[in-house]
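Visitor:
Residue numbers (the numbering used here): 1399 to 1451.
1) How should residue 1436 be labelled, buried or exposed, when 16 other C-beta atoms within 10 angstroms of its C-beta is the threshold for buried?
2) Quick one: what's got a C-beta closer than 6 angstroms to residue 1407's C-beta in the same chain, skipping five residues either side?
3) Enumerate in chain order the residues of its own chain whose CB-to-CB distance from residue 1426 is below 6 angstroms, with the five nearest sequence positions on each side excluded.
4) Under a three-way DSSP split, which group does residue 1437 fall into?
5) Are residue 1401 and residue 1440 touching if we call contact CB-CB under 8 angstroms?
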């Protein structure tokens, strides 16, 4: 499952109203990918990973 495919497909649907996958599926995958990266970033920030004190 490639999230970049769904991101690009969502943009294609927004501009040209043409899509290979369901627009709702593209939106859901993009939202899930964004939430996962945001959560990972937050966890690393709270832990202080590779931060100097």
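Yeah, the Cβ is synthetic: ideal placement off N, Cα and C, and Gly gets one too.
Guide: Quick look at the numbers:
1) exposed
2) 1417, 1418, 1419, 1424
3) none
4) Three-state result, residue 1437: helix.
5) In this structure, residue 1440 does not lie closer than 8 angstroms to residue 1401 by Cβ.
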